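Below is one structure, written out as structure tokens; comments come after it.
Number of protein chains: 2
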Amino acid sequence: MNFIKLESAIRDKKSFLCIGLDPDLKRIPEHLLKYDDPVFEFNKIIIDATMDYCVAYKPNLAFYEKLGPKGLVSLEKTLKYIPEHFFKIADAKRSDIFNSASMYADTFYDHFDFDAVTISPYMGVDAVKPFLRKNKCAIILLATSNSGASAVQNISTSSGQPLYLELITEISKWGSENNIMFVVGASRTDEMLEIRRKAPNHFFLVPGIGAQGGDMKLVCKNGLNKNIGLLVNVSRAIIYASSGHDFEKKVSSTTVEIQKEMQLLLEEYKILQ
Amino acid sequence: MNFIKLESAIRDKKSFLCIGLDPDLKRIPEHLLKYDDPVFEFNKIIIDATMDYCVAYKPNLAFYEKLGPKGLVSLEKTLKYIPEHFFKIADAKRSDIFNSASMYADTFYDHFDFDAVTISPYMGVDAVKPFLRKNKCAIILLATSNSGASAVQNISTSSGQPLYLELITEISKWGSENNIMFVVGASRTDEMLEIRRKAPNHFFLVPGIGAQGGDMKLVCKNGLNKNIGLLVNVSRAIIYASSGHDFEKKVSSTTVEIQKEMQLLLEEYKILQ
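Written out as structure tokens, the structure reads:
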């Protein structure tokens, strides 16, 4: 999938929501634990309950690898279950030398059929290049939502810019807004404004709404561009909306609420016209 | 395993060699492909042929994940096969928010029984903290061996120091030389000298010798400290020493050669006395 299709899906659904599929056996509804593969059953219910209101799904690899080989089987089944027209992100935050990065790219693109992979920028272009295939996309960490992030990412460089902005100059040599997105956390809206100025056309993947407390209105104010340019991820607030038998309904109603908020914002910024 | 035991193993074996277990089905000897689990058979032969001449093994996760769920089974079997007294490194180069990083730590430490994991520093302390358990160790990327690395890692900061040195100041708040190592590539010996000045007591994991062309003498000149402080990794030059039926012998003789070179250097620097 490419960004033109992603933008078009957002306009159709009036939603720039990405749902994080991060199944934790300690938190999924107890009545699902009787299944052979409770992780896949959990994901299937979430996908069925949310697919009309979101445009992307983002499994975080940490949750699947923790379960050993059978976790990867659950992930394979989940990827096959997500309909073709969704944007599928492997939240893997990998970074390695070219040879190993190419192997990760084969794994995520060929084996699992993901459209995009999150990547740390610290190792430079070699670690990113293998992910820039046709109609695929590297999503590079710039300003992440965690509390310790800015102690590294905002280090002041000799040009006077903080590191996260200086990196945009370097990353613009590696690829373009057609095959690179940036991770910009919802808790980093000051940085988001600066990044939007320097990268007016790139899509941002924005984690940190919901359980992590980010403000959707401020994210839109500082991050939206004429092609939308935002994919906001919500994980825990949706997938753990309830742990009882009303789980499916609660997941669905929480997702609808978020979609409605997004629609209102898209209308307010006159982006749907 | 802790660093005191690692140093003692190095003194006993007169070797600071770590072997990268990076099995590529396209490159392993053809006669091994008939086995149910050729990756494990390959690793087993390498471990048997090299265990007297090295102190650590380092599987790179990219090579196992590429094989899907069965790759993780091969990795599980490999970790069980490596004797207890070896230092076992998961070359995973992960980095994630605290919640997800904790899951990766559970996976690598509890499920696989690794002693250490390689980590990218870009997300800050949250991404590293879960890996700093008792007798376990985070190995943080500082100056990596790949060609594109310095365009990011040597960005000049406002203190006048390059980023990789500035990061040492920040990382010293996260842990100490008792639970943190640094990745410093064999192609980055100028940087290694600077890093050794600023981090006199930390162990360095040094990739880039062998197939990547690094110079062992210069690595020792710029990196050794009184507690040795170096763990030099060789992967391809050892594990693909031959693809024929003499594979086991060639792997062993190549490893012995490298161990002898290391012993001479340890004697030259009067570290074995």
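Going line by line, the protein sequences match chains V and P. Here our numbering runs 32 ahead of the position in the first sequence, where the first position is 1. Here our numbering runs 32 ahead of the position in the second sequence, where the first position is 1. Every residue gets a Cβ at the ideal spot worked out from N, C-alpha and C, and that includes glycine. Just so we're clear, the structure is a prediction, and the values are computed from it rather than from any experiment.
Proximity of residue i and residue j at Cβ, strictly below 7 Å
i, j, result
"P/Y85", "P/V216", "no"
"V/T82", "V/I51", "yes"
"V/A269", "V/V283", "no"
"P/L195", "V/P101", "no"
"V/F119", "V/L38", "yes"
"V/D128", "P/K125", "yes"
"V/P115", "V/L53", "no"
"P/L197", "P/K230", "yes"
"P/G48", "P/M224", "The question names Gly, but residue 48 of chain P is Phe in the sequence shown. No, they are not a contact pair."
"V/S106", "V/F144", "no"
"V/S132", "P/A94", "yes"
"P/C252", "P/N211", "no"
"V/F214", "V/L174", "yes"
"P/I187", "P/I172", "no"
"V/T189", "P/T189", "yes"
"V/S275", "V/P61", "yes"
"V/E299", "V/I77", "no"
"P/L237", "P/L263", "yes"
Within-7 Å CB hit, residue i to chain A
i, result
"V/I227", "Given the protein chain composition of this structure (V and P), no chain A is represented."
Buried/exposed call for residue i, threshold 16 Cβ in 10 Å
i, result
"V/Q291", "buried"
"V/H234", "buried"
"V/K58", "exposed"
"V/Y136", "buried"
"V/N25", "Any question about residue 25 of chain V goes unanswered here, given that chain V covers just 33 to 305."
"V/P153", "buried"
"P/I36", "exposed"
"P/T139", "buried"
"V/L310", "For residue 310 of chain V there is no data in the structure shown, the boundaries of chain V being 33 and 305."
"P/K98", "buried"
"V/R220", "buried"
"V/G245", "exposed"
"V/G156", "buried"
"P/S267", "buried"
"P/P55", "buried"
"V/Y113", "exposed"
"P/D123", "buried"
"P/D147", "buried"
"V/Y67", "exposed"
"V/G261", "buried"
DSSP-derived helix/strand/coil call for residue i
i, result
"V/Y89", "strand"
"V/N259", "coil"
"P/V160", "coil"
"P/D314", "A question about residue 314 of chain P goes unanswered here, because the residues of chain P that appear run from 33 up to 305."
"V/I241", "strand"
"P/G267", "Per the sequence presented here, residue 267 of chain P reads as Ser, with Gly not at that position. P/S267: coil per DSSP, three-state reduction."
"P/S188", "strand"
N-terminal and C-terminal residue of the beta strand (DSSP E) that residue i is part of
i, result
"V/K125", "F119 to R126"
"P/M294", "It is not in any beta strand (DSSP E) - P/M294 instead sits in the alpha helix (DSSP H) that spans F279 to E300."
"V/T176", "Where V/T176 is concerned, there is no enclosing beta strand (DSSP E), given that its DSSP letter is neither H nor E."
"P/A148", "A148 to I151"
"P/L49", "L49 to L53"
"V/L195", "Per DSSP, V/L195 belongs to no beta strand (DSSP E); it is in the alpha helix (DSSP H), L195 to I203."
"P/F236", "F236 to V238"
The alpha helix (DSSP H) enclosing residue i, as first and last residue numbers
i, result
"P/L104", "P101 to Y113"
"V/M135", "F130 to A137"
"V/I212", "Premise fails: V/I212 lies in the beta strand (DSSP E), I212 to V216, not in any alpha helix (DSSP H)."
"P/R43", "F35 to K45"
"V/N233", "Per DSSP, V/N233 belongs to no alpha helix (DSSP H) and is neither H nor E."
"V/I79", "P70 to T82"
Any non-hydrogen atom of the ligand NAD within 6 Å of residue i CB
i, result
"V/K46", "You won't find the ligand NAD in this model; it holds no ligand whatsoever."
> Is it a yes or a no for the stretch 176-187 of chain P touching the stretch 167-181 of chain V, going by three-plus beta-carbon pairs under 8 Å?
Replying inline: no
>> If contact is defined by three or more beta carbon pairs under 8 Å, each pair taking one atom from either stretch, is the stretch 239-255 of chain P in contact with the stretch 195-206 of chain P?
In response: no
> Do the stretch 249-262 of chain V and the stretch 219-229 of chain V make contact, defined as three or more Cβ pairs closer than 8 Å?
Replying inline: yes
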